[in-house]
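Under the numbering used here, think of the first position of the sequence shown as 3, with each following residue one higher. C-beta atoms are modelled at their ideal positions from N, C-alpha and C, and glycine is treated no differently. Please read these numbers as outputs of a predicted model, since none were measured by experiment.
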Amino acid sequence: MLVYGIPADRAFDVLTWCSQQTNTRLRTIAEQLVTGFVECEPAADLRTRFDHLLLTAHQRTRQQG
């Protein structure tokens, strides 16, 4: 999860834990998380940083290869 700075396998563990603690299907937890994130207003600074990463990703790929 981007916000926690953890890899996909660890993010899945977090979702699994949340699912088990609340007796809610993991899919439902994930859907609600995505919906909530999409609906919230991201901080301008975070959006600016992400925009930069997105728009320069191709440059970093070329530099590595």
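Whole angstroms are fine: how far does the CA of residue j sit from the CA of residue i?
| i | j | result |
| --- | --- | --- |
| residue 37 | residue 30 | 10 Å |
| residue 65 | residue 25 | 46 Å |
| residue 13 | residue 3 | 5 Å |
| residue 47 | residue 53 | 10 Å |
| residue 43 | residue 49 | 10 Å |
| residue 57 | residue 34 | 28 Å |
Can you list, in chain order, the residues of its chain whose CB lies under 6 Å from that of residue i, leaving out five sequence neighbours each side?
| i | result |
| --- | --- |
| residue 21 | 28 and 31 |
With a threshold of 7 Å on Cβ separation, who are the neighbours of residue i within its own chain once the five nearest residues in sequence on each side are excluded?
| i | result |
| --- | --- |
| residue 18 | 28 |
For residue i, I'd like the list of residues in its chain whose CB is within less than 8 Å of its CB, leaving aside the five on either flank, ordered along the chain.
| i | result |
| --- | --- |
| residue 51 | none |
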